[in-house]
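Undergrad:
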Amino acid sequence: MAERIQRRRVRGWRLPEGAVVVDRTSRFGNPFTEAAAEAAGEEGPRGAVVDAYAEWLSGCETYEDVYMLHRRSFDRLWVWDHLPDLAGKDLACWCPLPADGEPDICHGAVLLAAVEQAAAVEKGCRGGAGAWVPERRRHWRSMKDVPVTGALL
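All residue numbers for the sequence shown refer to UniProt numbering, where the first residue is 1 and numbers rise by one.
1) Quick one: is H70 buried, meaning 16 or more other Cβ sit within 10 Å of its Cβ, or exposed?
2) Just to confirm, are D90 and G18 a CB contact at a threshold of 8 angstroms?
3) Within the segment 22–87, note down every full beta strand (DSSP E) run reaching 3 residues or more, in order along the chain.
4) Taking only the alpha-carbon atoms, compute the straight-line gap between A37 and Y63 and give it to the nearest angstrom.
5) Using C-beta distances below 7 angstroms, list every residue in its chain close to P31, excluding the 5 sequence neighbours before and after it, in chain order.
6) Can the beta-carbon of R24 be found less than 8 angstroms from the beta-carbon of E34?
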(Lines of atoms letter the chains of each structure in order from A and count residues from 1; the text may use other names and numbers.)
(Lines give C-alpha, C1' and ligand atoms only; values in the text may rest on other atoms or scores of the structure.)
Protein backbone atom coordinates (compact mmCIF):
# COMPACT_ATOMS: atom_id res chain seq x y z
CA MET A 1 0.00 0.00 0.00
CA ALA A 2 1.32 3.43 -0.92
CA GLU A 3 2.29 5.79 1.86
CA ARG A 4 3.66 9.25 2.39
CA ILE A 5 7.36 9.68 3.10
CA GLN A 6 9.09 12.70 4.57
CA ARG A 7 11.99 13.96 2.48
CA ARG A 8 15.16 14.66 4.44
CA ARG A 9 18.32 16.68 4.04
CA VAL A 10 20.67 14.37 5.89
CA ARG A 11 23.80 12.72 4.68
CA GLY A 12 23.12 9.36 3.09
CA TRP A 13 19.34 9.72 2.82
CA ARG A 14 18.00 8.69 -0.58
CA LEU A 15 14.52 8.74 -2.03
CA PRO A 16 13.24 5.16 -1.95
CA GLU A 17 13.07 3.46 -5.33
CA GLY A 18 9.70 3.99 -7.01
CA ALA A 19 8.72 6.91 -4.76
CA VAL A 20 7.51 10.14 -6.39
CA VAL A 21 8.38 13.63 -5.14
CA VAL A 22 5.19 15.69 -4.76
CA ASP A 23 6.59 18.83 -3.12
CA ARG A 24 6.56 22.24 -4.80
CA THR A 25 9.47 21.26 -7.03
CA SER A 26 7.00 18.99 -8.86
CA ARG A 27 3.77 19.71 -10.71
CA PHE A 28 1.91 17.82 -7.96
CA GLY A 29 2.97 20.46 -5.41
CA ASN A 30 0.68 22.65 -3.32
CA PRO A 31 0.38 26.17 -4.77
CA PHE A 32 -0.96 27.52 -1.46
CA THR A 33 1.64 28.70 1.07
CA GLU A 34 1.67 28.90 4.84
CA ALA A 35 3.02 32.46 4.57
CA ALA A 36 -0.06 33.52 2.59
CA ALA A 37 -2.34 31.76 5.07
CA GLU A 38 -0.63 33.50 7.99
CA ALA A 39 -0.91 36.86 6.21
CA ALA A 40 -4.64 36.18 5.79
CA GLY A 41 -4.92 35.61 9.56
CA GLU A 42 -5.50 31.86 9.41
CA GLU A 43 -4.96 29.96 12.65
CA GLY A 44 -3.17 26.73 11.88
CA PRO A 45 -1.78 27.83 8.52
CA ARG A 46 -0.48 24.38 7.56
CA GLY A 47 -3.92 22.86 7.96
CA ALA A 48 -5.44 25.79 6.07
CA VAL A 49 -3.19 25.30 3.03
CA VAL A 50 -3.82 21.55 3.00
CA ASP A 51 -7.58 22.20 3.16
CA ALA A 52 -7.22 24.74 0.33
CA TYR A 53 -5.33 22.14 -1.73
CA ALA A 54 -8.06 19.54 -1.15
CA GLU A 55 -10.76 22.04 -2.16
CA TRP A 56 -8.76 23.18 -5.20
CA LEU A 57 -8.09 19.62 -6.31
CA SER A 58 -11.74 18.66 -5.85
CA GLY A 59 -12.77 21.23 -8.45
CA CYS A 60 -14.17 23.88 -6.13
CA GLU A 61 -15.05 26.83 -8.36
CA THR A 62 -13.75 29.28 -5.75
CA TYR A 63 -10.27 28.48 -7.02
CA GLU A 64 -8.62 28.96 -10.40
CA ASP A 65 -7.58 25.86 -12.35
CA VAL A 66 -3.98 27.09 -12.62
CA TYR A 67 -1.80 28.97 -10.13
CA MET A 68 1.68 30.36 -10.65
CA LEU A 69 4.12 30.39 -7.75
CA HIS A 70 7.72 31.51 -8.27
CA ARG A 71 7.53 30.89 -12.04
CA ARG A 72 6.15 27.38 -11.47
CA SER A 73 2.72 26.40 -12.76
CA PHE A 74 0.31 24.28 -10.69
CA ASP A 75 -2.59 22.99 -12.80
CA ARG A 76 -5.30 20.91 -11.14
CA LEU A 77 -6.46 19.49 -14.48
CA TRP A 78 -2.93 18.27 -15.14
CA VAL A 79 -2.83 16.72 -11.65
CA TRP A 80 -6.07 14.82 -12.28
CA ASP A 81 -4.88 13.63 -15.67
CA HIS A 82 -1.69 12.28 -14.03
CA LEU A 83 -3.14 10.71 -10.87
CA PRO A 84 -2.81 7.23 -12.42
CA ASP A 85 0.97 7.83 -12.55
CA LEU A 86 0.96 7.92 -8.73
CA ALA A 87 -1.01 4.69 -8.23
CA GLY A 88 0.80 2.29 -5.93
CA LYS A 89 3.74 4.64 -5.40
CA ASP A 90 4.96 6.23 -2.19
CA LEU A 91 4.72 10.03 -2.21
CA ALA A 92 7.54 12.16 -0.81
CA CYS A 93 7.12 15.65 0.65
CA TRP A 94 8.90 17.82 3.23
CA CYS A 95 5.95 17.92 5.65
CA PRO A 96 6.57 16.12 8.94
CA LEU A 97 4.95 12.72 9.35
CA PRO A 98 2.09 12.57 11.86
CA ALA A 99 2.41 10.92 15.25
CA ASP A 100 0.48 7.67 15.67
CA GLY A 101 -3.25 8.40 15.74
CA GLU A 102 -2.83 11.97 14.47
CA PRO A 103 -4.18 13.20 11.11
CA ASP A 104 -1.69 13.61 8.26
CA ILE A 105 -1.66 17.35 7.55
CA CYS A 106 0.04 17.32 4.16
CA HIS A 107 -1.16 17.75 0.60
CA GLY A 108 0.60 14.42 -0.10
CA ALA A 109 -2.06 12.73 2.05
CA VAL A 110 -4.71 14.49 -0.07
CA LEU A 111 -3.04 13.12 -3.20
CA LEU A 112 -2.94 9.58 -1.76
CA ALA A 113 -6.69 9.78 -1.06
CA ALA A 114 -7.36 11.18 -4.55
CA VAL A 115 -5.34 8.39 -6.18
CA GLU A 116 -7.25 5.78 -4.19
CA GLN A 117 -10.58 7.38 -5.06
CA ALA A 118 -9.73 7.71 -8.75
CA ALA A 119 -8.61 4.07 -8.88
CA ALA A 120 -11.88 2.94 -7.27
CA VAL A 121 -13.90 4.96 -9.77
CA GLU A 122 -11.82 3.63 -12.67
CA LYS A 123 -12.58 0.07 -11.53
CA GLY A 124 -16.27 0.92 -11.23
CA CYS A 125 -16.16 0.33 -7.49
CA ARG A 126 -18.61 2.37 -5.48
CA GLY A 127 -18.34 0.08 -2.48
CA GLY A 128 -21.00 -1.98 -0.77
CA ALA A 129 -24.07 -3.65 -2.23
CA GLY A 130 -25.67 -2.15 -5.28
CA ALA A 131 -22.38 -1.00 -6.76
CA TRP A 132 -22.63 0.33 -10.28
CA VAL A 133 -20.13 0.89 -13.04
CA PRO A 134 -19.87 4.56 -14.03
CA GLU A 135 -19.33 5.64 -17.60
CA ARG A 136 -15.63 5.08 -18.23
CA ARG A 137 -13.53 8.12 -18.91
CA ARG A 138 -10.01 7.93 -20.23
CA HIS A 139 -9.03 11.23 -18.62
CA TRP A 140 -10.95 13.32 -16.14
CA ARG A 141 -10.78 17.02 -16.75
CA SER A 142 -11.97 17.97 -13.28
CA MET A 143 -13.25 16.37 -10.12
CA LYS A 144 -16.79 17.36 -11.19
CA ASP A 145 -16.56 14.59 -13.83
CA VAL A 146 -15.70 11.91 -11.28
CA PRO A 147 -18.57 10.18 -9.48
CA VAL A 148 -17.69 10.11 -5.80
CA THR A 149 -19.13 8.41 -2.73
CA GLY A 150 -18.08 11.09 -0.28
CA ALA A 151 -15.70 13.89 0.44
CA LEU A 152 -12.13 13.71 -0.81
CA LEU A 153 -10.93 13.75 2.78
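No residue lacks a Cβ here, since even glycine has one placed at the ideal position from N, Cα and C. If you're wondering where the values come from, they're calculated on a predicted model, not measured in any experiment.
TA: Well, looking at it:
1) exposed
2) yes
3) 66–69 and 72–75
4) The alpha-carbon atoms of A37 and Y63 are separated by roughly 15 angstroms.
5) Y67, L69 and F74
6) no
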